[in-house]
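A.B. asks: One structure coming up, written as structure tokens, with questions to follow.
2 protein chains.
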Amino acid sequence: MSSLSGNLLVAQSGGPTPVINASLAGVIAEALNHEDEIVDILGGLNGIQGVLHEQLIDLAAESQQTLRNLEHTPGAALGTCRYKVKKAEDFDRILQVFEAHNIRFFHYIGGNDSQDTAAKIDALAKERGYELRVIGVPKTVDNDLPLTDHCPGFGSVAKHIAVTVREMSLDNAAMGQNDFVSILEVMGRNAGWLAASSVLAQRREKSDDNSKSASKNTHYSCSAPHIILLPEVPFNADNFIRRVEEVLKSNAHCFVVVSEGVQDEAGNYLGADTSSTDAFGHAVLGGAGEYLRSLVEDRFSGVKARSSKLGISQRAASHNASKTDVEEAKLCGREAVKAAVKGETGKMVILSRSGKEQYAVDTLLAPLVDIANGVKAFPEKWIGEDKMSIHQDFARYAQPLIQGELQLPYEQGLPRYAQLSAIRVQRKLEPYQTA
Amino acid sequence: MSSLSGNLLVAQSGGPTPVINASLAGVIAEALNHEDEIVDILGGLNGIQGVLHEQLIDLAAESQQTLRNLEHTPGAALGTCRYKVKKAEDFDRILQVFEAHNIRFFHYIGGNDSQDTAAKIDALAKERGYELRVIGVPKTVDNDLPLTDHCPGFGSVAKHIAVTVREMSLDNAAMGQNDFVSILEVMGRNAGWLAASSVLAQRREKSDDNSKSASKNTHYSCSAPHIILLPEVPFNADNFIRRVEEVLKSNAHCFVVVSEGVQDEAGNYLGADTSSTDAFGHAVLGGAGEYLRSLVEDRFSGVKARSSKLGISQRAASHNASKTDVEEAKLCGREAVKAAVKGETGKMVILSRSGKEQYAVDTLLAPLVDIANGVKAFPEKWIGEDKMSIHQDFARYAQPLIQGELQLPYEQGLPRYAQLSAIRVQRKLEPYQTA
Numbered sequence: 001m002s003s004l005s006g007n008l009l010v011a012q013s014g015g016p017t018p019v020i021n022a023s024l025a026g027v028i029a030e031a032l033n034h035e036d037e038i039v040d041i042l043g044g045l046n047g048i049q050g051v052l053h054e055q056l057i058d059l060a061a062e063s064q065q066t067l068r069n070l071e072h073t074p075g076a077a078l079g080t081c082r083y084k085v086k087k088a089e090d091f092d093r094i095l096q097v098f099e100a101h102n103i104r105f106f107h108y109i110g111g112n113d114s115q116d117t118a119a120k121i122d123a124l125a126k127e128r129g130y131e132l133r134v135i136g137v138p139k140t141v142d143n144d145l146p147l148t149d150h151c152p153g154f155g156s157v158a159k160h161i162a163v164t165v166r167e168m169s170l171d172n173a174a175m176g177q178n179d180f181v182s183i184l185e186v187m188g189r190n191a192g193w194l195a196a197s198s199v200l201a202q203r204r205e206k207s208d209d210n211s212k213s214a215s216k217n218t219h220y221s222c223s224a225p226h227i228i229l230l231p232e233v234p235f236n237a238d239n240f241i242r243r244v245e246e247v248l249k250s251n252a253h254c255f256v257v258v259s260e261g262v263q264d265e266a267g268n269y270l271g272a273d274t275s276s277t278d279a280f281g282h283a284v285l286g287g288a289g290e291y292l293r294s295l296v297e298d299r300f301s302g303v304k305a306r307s308s309k310l311g312i313s314q315r316a317a318s319h320n321a322s323k324t325d326v327e328e329a330k331l332c333g334r335e336a337v338k339a340a341v342k343g344e345t346g347k348m349v350i351l352s353r354s355g356k357e358q359y360a361v362d363t364l365l366a367p368l369v370d371i372a373n374g375v376k377a378f379p380e381k382w383i384g385e386d387k388m389s390i391h392q393d394f395a396r397y398a399q400p401l402i403q404g405e406l407q408l409p410y411e412q413g414l415p416r417y418a419q420l421s422a423i424r425v426q427r428k429l430e431p432y433q434t435a
Numbered sequence: 436m437s438s439l440s441g442n443l444l445v446a447q448s449g450g451p452t453p454v455i456n457a458s459l460a461g462v463i464a465e466a467l468n469h470e471d472e473i474v475d476i477l478g479g480l481n482g483i484q485g486v487l488h489e490q491l492i493d494l495a496a497e498s499q500q501t502l503r504n505l506e507h508t509p510g511a512a513l514g515t516c517r518y519k520v521k522k523a524e525d526f527d528r529i530l531q532v533f534e535a536h537n538i539r540f541f542h543y544i545g546g547n548d549s550q551d552t553a554a555k556i557d558a559l560a561k562e563r564g565y566e567l568r569v570i571g572v573p574k575t576v577d578n579d580l581p582l583t584d585h586c587p588g589f590g591s592v593a594k595h596i597a598v599t600v601r602e603m604s605l606d607n608a609a610m611g612q613n614d615f616v617s618i619l620e621v622m623g624r625n626a627g628w629l630a631a632s633s634v635l636a637q638r639r640e641k642s643d644d645n646s647k648s649a650s651k652n653t654h655y656s657c658s659a660p661h662i663i664l665l666p667e668v669p670f671n672a673d674n675f676i677r678r679v680e681e682v683l684k685s686n687a688h689c690f691v692v693v694s695e696g697v698q699d700e701a702g703n704y705l706g707a708d709t710s711s712t713d714a715f716g717h718a719v720l721g722g723a724g725e726y727l728r729s730l731v732e733d734r735f736s737g738v739k740a741r742s743s744k745l746g747i748s749q750r751a752a753s754h755n756a757s758k759t760d761v762e763e764a765k766l767c768g769r770e771a772v773k774a775a776v777k778g779e780t781g782k783m784v785i786l787s788r789s790g791k792e793q794y795a796v797d798t799l800l801a802p803l804v805d806i807a808n809g810v811k812a813f814p815e816k817w818i819g820e821d822k823m824s825i826h827q828d829f830a831r832y833a834q835p836l837i838q839g840e841l842q843l844p845y846e847q848g849l850p851r852y853a854q855l856s857a858i859r860v861q862r863k864l865e866p867y868q869t870a
């Protein structure tokens with residue numbers, strides 16, 4: 001079984017993360033260790049779309065320097081897509097391309113939609129008797145893949161959000177304005193992991209602090225962020241406004257972190273532009289922060305509110321990446337190749353927390369079909385009783401994931417990021433028309 | 436004249452910057468060098484408001500470690516205010532507080548509104564025969580103070596914006612979507628310096644690049660950002676849409692940077708909430724990015740647009756500060772104290788570019804009355820012919836200001852920022868009632 005030899009194909013899919021390229025670097029680095037099994041190391045451009053159109057590049061031709069810089073480069077060096085493979089013809093074409101290029105190892109770095117595609121490719125290859133090893137590499141800033149303890153990409157964006165909240169709250173406090181509401185909208189369509197991670201910005205109150213609201217077993221309610229709104233909790237405007245009022249009684253400003261995916265009790269996204277949907281039919285979000293700003297200013301006279309929306313910048317903020325996350329992302333890439341060479345297929349690498357006293361992770365494998373299209377919601381046990389705060393147990397879970405900083409190379413005041421030479425592999429098939 | 440001896444008072448005003456605390460650290464460090472002239476080093480809380488209310492703290496009591504961390508701490512450690520001193524009673528009260536605490540050296544770290552206040556205090560002291568040295572320290576992320584080559588605070592936010600645009604554009608490019616418009620809204624109410632600084636993210640095209648639109652003497656029109664909208668240029672929707680169309684012909688995505696202060700030809704802020712104004716009567720802005728997003732999606736079918744708004748986070752992003760900016764901010768604080776001790780008054784420290792081949796700065800003094808309430812608009816000569824691009828001469832001006840990175844101390848995955856002990860100085864006067 002493990003004597004299979006052929007080419008390796010790696011592709012990236014879905015929204016980029018600060019570490020999706022670290023996983024790519026991990027795949028390439030490990031593939032170079034297996035010359036007996038892996039002949040050429042190919043990259044598919046723009047995810048499965050590039051595979052359909054036979055847009056493949058030679059990754060072994062990239063320089064060592066490019067590979068090193070790739071580990072801290074945002075975006076997705078191969079390009080990604082949101083194309084949903086559905087038609088039987090598409091799957092047939094994928095296998096044709098694989099056969100034409102003798103691809104025997106396939107690694108798809110992506111979230112649940114992508115692992116669903118990978119699972120179907122694996123199943124079809126088995127059905128057709130085409131020997132292929134498919135091992136997925138997890139990726140999502142949303143941290144909502146099932147089975148894995150956490151997802152590469154999450155720690156870095158969590159760190160960026162926590163740093164941003166800490167910094168903004170110092171600015172808010174400095175303004176010396178009473179009755180100021182500061183709102184930060186963060187990513188998270190279906191799951192509140194990223195919004196929750198803002199809790200890491202809270203300062204532990206000193207025990208000699210005489211602040212009225214300080215209490216050791218609460219979730220540091222007097223330090224920003226004061227209110228955290230998750231998509232798991234239906235939004236109730238009256239409860240929200242009441243909580244803002246409470247915070248403003250004991251604190252000059254109130255810091256609110258809101259997930260873009262928060263919905264009201266009727267199931268409408270806050271401030272959503274309902275006219276617009278993406279390729280998967282998801283509603284285009286982004287108005288939650290501005291919605292809350294105007295709600296606050298409408299409901300209170302004399303209260304000022306300002307909103308910020310990190311948008312795409314948060315998932316591209318490699319300058320503020322977590323070293324732990326980068327290393328784990330690379331590890332997942334490496335382990336995917338190792339598993340495939342060993343004969344595994346139809347699985348995704350997952351992270352499992354192994355340390356007792358000290359944080360440590362092991363990698364394991366989980367069936368792709370169990371990952372595909374699943375969503376791990378933020379656990380209810382970590383949501384505070386008021387439904388607008390986060391338990392310290394979550395902070396203990398997330399804390400290790402944001403540890404460590406990269407020392408990026410800078411050039412002219414900006415981080416030096418990698419760009420692939422992207423040397424194309426000769427086409428072997430006729431052009432293909434996607435829907 | 437230089438034999439004056441008494442206490443020093445320093446205060447901070449207006450919107451915080453990533454380096455307003457570095458200026459404060461500079462004032463404190465330099466004051467400690469002049470024991471013959473400077474007895475106590477006092478801080479006024481929340482700008483001039485704290486002076487009115489006699490809320491003074493003892494800065495010499497802060498630890499050396501706090502002082503060191505202060506240099507890279509965002510916000511404004513003393514607190515700021517946007518209170519506009521207008522009434523004669525207010526100015527009388529300020530002099531009373533100064534007399535009561537034997538304040539002979541006053542340093543106000545702030546923008547044009549604040550230097551206007553400082554100028555009036557200086558004039559009143561002279562009129563009353565109260566010996567006082569008033570030397571302002573420049574501060575504004577907007578870079579719009581007259582006379583100085585640039586303002587402490589600008590370089591760090593310019594760097595953060597350039598890094599953010601570079602990172603977001605890698606994400607945008609990775610998405611492999613055609614006809615995608617990415618919009619980033621940045622600060623800049625009256626002047627476009629910050630929006631313009633996004634031009635630093637543009638990559639110089641390689642000379643062997645065969646890209647259609649590459650041309651050596653243009654402003655790198657094929658690399659993000661593709662469109663930069665400044666408050667100095669009235670917004671014309673048709674011209675904008677035409678330019679977006681042009682960019683999308685040669686590039687898969689179009690990156691737009693828009694200043695919050697952009698107005699249409701009738702003088703209305705784009706997407707402004709006209710119901711809301713701040714203490715100075717300025718309209719509350721913030722809707723320009725979302726306005727452009729919906730404009731683009733309305734005018735083009737099949738074009739997707741997404742907007743991000745850095746908001747307050749950009750002026751608090753000390754984790755991404757420019758080392759050059761931090762050092763210059765500290766220098767301005769130091770030089771203000773030196774000038775006051777030497778007998779100067781009624782002036783502000785300004786930065787003057789002194790290097791020929793290599794960038795270097797000198798400090799000079801300019802009369803406060805010439806700074807007060809002036810605004811240095813972004814120069815017309817640096818705006819491209821199409822009114823939506825920026826000349827390379829500006830990039831040459833701004834490039835040195837974003838150079839260098841700080842090595843911040845981190846603790847639990849987040850930068851360690853300073854918090855003052857803020858030991859209060861005993862009040863000597865009766866409470867005061869502001870309007």
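So the sequence lines, in the order shown, correspond to chains Y and A.
Numbered by the numbering used here, the letters in the first sequence go through residues 1 to 435 in order.
Numbered by the numbering used here, the letters in the second sequence go through residues 436 to 870 in order.
Where a beta carbon is used, it is the ideal one built from N, C-alpha and C, also for glycine.
Fair warning: this is a prediction, and the values are worked out from it, not measured in the lab.
For a cutoff of 7 Å on Cβ pairs, would you count asparagine 46 of chain Y as touching chain A?
C.D. replies: Mapped onto the first sequence, residue 46 of chain Y falls at position 46. Interface residue, yes.
A.B. asks: Report yes or no: do three or more beta-carbon pairs, one from the region 440–459 of chain A and one from the region 347–367 of chain Y, lie closer than 8 Å?
C.D. replies: Taking 8 Å as the limit for Cβ pairs, the verdict is that the region 347–367 of chain Y does not touch the region 440–459 of chain A.
A.B. asks: At the 7 Å Cβ level, is glutamate 405 of chain Y part of the contact set with chain A, yes or no?
C.D. replies: On the first sequence, residue 405 of chain Y is found 405 positions in, with the first residue counted as 1. Glutamate 405 of chain Y counts as touching chain A.
A.B. asks: What would DSSP say about glutamate 815 of chain A, mapped onto helix, strand or coil?
C.D. replies: Here residue 815 of chain A corresponds to residue number 380 of the second sequence, with the count starting at 1. Of the three classes helix, strand and coil, the one that applies to glutamate 815 of chain A here is helix, per DSSP.
A.B. asks: Using a beta-carbon distance cut-off of less than 9 Å, what residues from the region 744–766 of chain A approach chain Y?
C.D. replies: Cβ contacts with chain Y: Lys744, Leu745, Gly746, Ile747, Ser748, Gln749, Arg750, Ala751, Ala752, Ser753, His754, Asn755, Ser757, Thr759.
A.B. asks: Identify, in the order they occur along the chain, each residue of the same chain with its Cβ nearer than 6 Å to the Cβ of glycine 485 of chain A, setting aside the five sequence neighbours on each side.
C.D. replies: Taking the second sequence and counting its residues from 1, one reaches residue 485 of chain A at position 50. Excluding residues within five positions, the ones whose Cβ falls inside 6 Å are Gly479.
A.B. asks: Return the chain-ordered list of same chain residues with a C-beta closer than 7 Å to the C-beta of histidine 150 of chain Y, the five sequence neighbours on each side being excluded.
C.D. replies: Residue mapping note: residue 150 of chain Y aligns to position 150 of the first sequence, counting from 1. Contacts found: Asn143, Leu351, Leu401.
A.B. asks: Quick check on serine 301 of chain Y: buried or exposed, where buried means 16 or more other Cβ atoms within 10 Å of its Cβ?
C.D. replies: Here residue 301 of chain Y refers to the residue found at position 301 when the first sequence is read from its first residue. By the neighbour-count rule (16 or more Cβ atoms within 10 Å), serine 301 of chain Y is not buried but exposed.
A.B. asks: Is it true that the region 626–634 of chain A meets the region 91–108 of chain Y, where meeting means three or more beta-carbon pairs spaced less than 8 Å apart?
C.D. replies: Touching, no.
A.B. asks: Let me check one thing: in DSSP terms, what residues is tyrosine 845 of chain A bridge-paired to?
C.D. replies: Position 410 of the second sequence, counting from 1, holds the residue named residue 845 of chain A. Paired residue(s): A/Pro850.
A.B. asks: Please list, in chain order, the chain A residues whose beta carbon lies closer than 9 Å to that of isoleucine 402 of chain Y.
C.D. replies: Numbered from 1 along the first sequence, position 402 holds the residue referred to as residue 402 of chain Y. Residues of chain A passing the Cβ test: Gln847, Gly848, Leu849.
A.B. asks: If I measure Cβ to Cβ from valine 233 of chain Y and keep anything under 6 Å in the same chain, skipping five residues before and after, which residues do I get?
C.D. replies: For the purposes of this step, residue 233 of chain Y is identified with residue 233 of the first sequence, where counting begins at 1. Cβ within range, chain order: Lys387.
A.B. asks: Note down, in chain order, each residue of its chain lying with its Cβ closer than 7 Å to the Cβ of proline 367 of chain Y, except the 5 sequence neighbours on either side.
C.D. replies: By 1-based counting over the first sequence, the position of residue 367 of chain Y is 367. Once the five neighbours on either side are set aside, the close Cβ partners of proline 367 of chain Y are Gly346, Lys347.
A.B. asks: Residues of the region 677–692 of chain A in Cβ contact with chain Y at a cutoff of 7 Å, in chain order, please.
C.D. replies: Listed in sequence order: no entries.
A.B. asks: Taking 8 Å as the cut-off, does the region 173–185 of chain Y touch the region 423–431 of chain Y (at least 3 CB pairs, one atom from each stretch)?
C.D. replies: The answer is no - the region 173–185 of chain Y does not touch the region 423–431 of chain Y, with fewer than three Cβ pairs under 8 Å.
A.B. asks: Over the uninterrupted alpha helix (DSSP H) stretch that includes lysine 822 of chain A, give me the two end residues.
C.D. replies: Taking the first residue of the second sequence as position 1, residue 822 of chain A is located at position 387. Note, lysine 822 of chain A: premise wrong, no alpha helix (DSSP H); not H, not E.
A.B. asks: 7 Å is my cut-off, CB to CB: does cysteine 586 of chain A come that close to chain Y?
C.D. replies: Stepping through the second sequence from its first residue, residue 586 of chain A is reached at position 151. It does not: the Cβ of cysteine 586 of chain A has no partner Cβ on chain Y nearer than 7 Å.
A.B. asks: Does aspartate 606 of chain A have its Cβ less than 7 Å from a Cβ in chain Y?
C.D. replies: Locating residue 606 of chain A in the second sequence gives position 171, counting from the first residue. Yes, because at least one Cβ of chain Y sits closer than 7 Å to the Cβ of aspartate 606 of chain A.
A.B. asks: Let me know the secondary structure DSSP gives tyrosine 432 of chain Y once reduced to three states.
C.D. replies: Reading the first sequence from its first residue, position 432 is the one you call residue 432 of chain Y. In the structure shown, tyrosine 432 of chain Y sits in coil (DSSP, three-state: anything other than H, G, I, E or B).
A.B. asks: For arginine 788 of chain A, is the classification buried or exposed, using 16 other Cβ atoms within 10 angstroms of its Cβ as the cut-off for buried?
C.D. replies: Taking the first residue of the second sequence as position 1, residue 788 of chain A is located at position 353. With fewer than 16 Cβ atoms within 10 Å of its Cβ, arginine 788 of chain A is classed as exposed.
A.B. asks: Alanine 511 of chain A touches chain Y at which residues, Cβ-Cβ below 7 Å?
C.D. replies: On the second sequence, position 76 is the one that residue 511 of chain A refers to. Under the 7 Å cutoff, chain Y gives Ala174.
A.B. asks: Pop quiz: serine 322 of chain Y and glycine 848 of chain A are said to be a contact at Cβ under 8 Å. What is the actual Cβ separation, rounded to whole angstroms?
C.D. replies: For the purposes of this step, residue 322 of chain Y is taken as residue 322 along the first sequence, with counting starting at 1. For the purposes of this step, residue 848 of chain A is taken as residue 413 along the second sequence, with counting starting at 1. Yes, serine 322 of chain Y and glycine 848 of chain A are in contact; Cβ-Cβ is about 7 Å, under 8 Å.
A.B. asks: Strictly below 7 Å CB to CB, what residues from chain Y border proline 451 of chain A?
C.D. replies: In the second sequence, the residue the question calls residue 451 of chain A occupies position 16. Going along chain Y in sequence order, the residues near proline 451 of chain A (Cβ under 7 Å) are Asp171, Ala174.
A.B. asks: Identify the contact partners of glycine 79 of chain Y in chain A, using a Cβ-Cβ distance below 7 Å as the criterion.
C.D. replies: Along the first sequence, one-based indexing puts residue 79 of chain Y at 79. Ordered by position in chain A, the residues that pass the 7 Å Cβ test against glycine 79 of chain Y are Ala609, Gly611.
A.B. asks: Can you tell me whether proline 409 of chain Y is buried or exposed, with buried defined as 16 or more other CB within 10 angstroms of its CB?
C.D. replies: As a first step, residue 409 of chain Y must be located in the first sequence, where it is residue number 409. Flag for proline 409 of chain Y reads exposed.
A.B. asks: Is there a Cβ from chain Y that is less than 7 Å from the Cβ of arginine 601 of chain A?
C.D. replies: Stepping through the second sequence from its first residue, residue 601 of chain A is reached at position 166. Chain Y contact via Cβ: present.
A.B. asks: What residues from chain A crowd round serine 421 of chain Y, counting only those whose CB sits closer than 9 Å?
C.D. replies: Translated into the one-based positions of the first sequence, residue 421 of chain Y becomes position 421. What serine 421 of chain Y touches in chain A: nothing, since even the nearest Cβ is about 12 Å away.
A.B. asks: Would DSSP call lysine 519 of chain A helix, strand or coil?
C.D. replies: Along the second sequence, one-based indexing puts residue 519 of chain A at 84. Lysine 519 of chain A falls in the coil class under three-state DSSP.
A.B. asks: Counting C-beta neighbours from all protein chains within 10 Å, is the total for proline 431 of chain Y 16 or more, i.e. buried, or is it exposed?
C.D. replies: As a first step, residue 431 of chain Y is located in the first sequence; it is residue number 431 there, counting from the start. Exposed, since its Cβ has fewer than 16 Cβ neighbours within 10 Å.
A.B. asks: Compare the C-beta of valine 445 of chain A with all C-beta atoms of chain Y and state if any pair is closer than 7 Å.
C.D. replies: Within the second sequence, the letter at position 10 stands for residue 445 of chain A. Valine 445 of chain A does not count as touching chain Y.
A.B. asks: Considering only C-alpha positions, which residue in the set Y/Ile109, Y/Ala252, Y/Ala125, Y/Glu99 is nearest to cysteine 222 of chain Y?
C.D. replies: The residue labelled residue 222 of chain Y in the question sits at position 222 within the first sequence. Nearest of Y/Ile109, Y/Ala252, Y/Ala125, Y/Glu99 to cysteine 222 of chain Y, Cα basis: Y/Ala252.
A.B. asks: Please decide whether valine 796 of chain A counts as near chain Y, where near means a Cβ-Cβ distance under 7 Å.
C.D. replies: Taking the second sequence and counting its residues from 1, one reaches residue 796 of chain A at position 361. Taking Cβ atoms only, chain Y never reaches closer than 7 Å to valine 796 of chain A, which makes this a no.
A.B. asks: Give me the Cβ distance between methionine 175 of chain Y and alanine 751 of chain A, rounded to the nearest whole Å; I'm assuming they're in contact under 8 Å.
C.D. replies: In the first sequence, counting from the first residue as 1, residue 175 of chain Y sits at position 175. In the second sequence, counting from the first residue as 1, residue 751 of chain A sits at position 316. Incorrect: roughly 11 Å between the Cβ atoms, too far for contact.
A.B. asks: Per DSSP, glutamine 447 of chain A is paired with what?
C.D. replies: Translated into the one-based positions of the second sequence, residue 447 of chain A becomes position 12. BP columns for glutamine 447 of chain A point to A/Ile544.
A.B. asks: Output, in sequence order along the chain, the residues in the region 617–636 of chain A whose CB is closer than 8 Å to any CB in chain Y.
C.D. replies: For the region 617–636 of chain A, which is checked against every Cβ of chain Y, the residues closer than 8 Å are Ser617, Leu619, Leu635, Ala636.
A.B. asks: To the nearest whole angstrom, what separates the beta carbons of leucine 841 of chain A and valine 761 of chain A, a pair I think is in contact under 8 Å?
C.D. replies: Here residue 841 of chain A refers to the residue found at position 406 of the second sequence. Here residue 761 of chain A refers to the residue found at position 326 of the second sequence. That belief holds up - the Cβ atoms of leucine 841 of chain A and valine 761 of chain A are roughly 6 Å apart, short of 8 Å.
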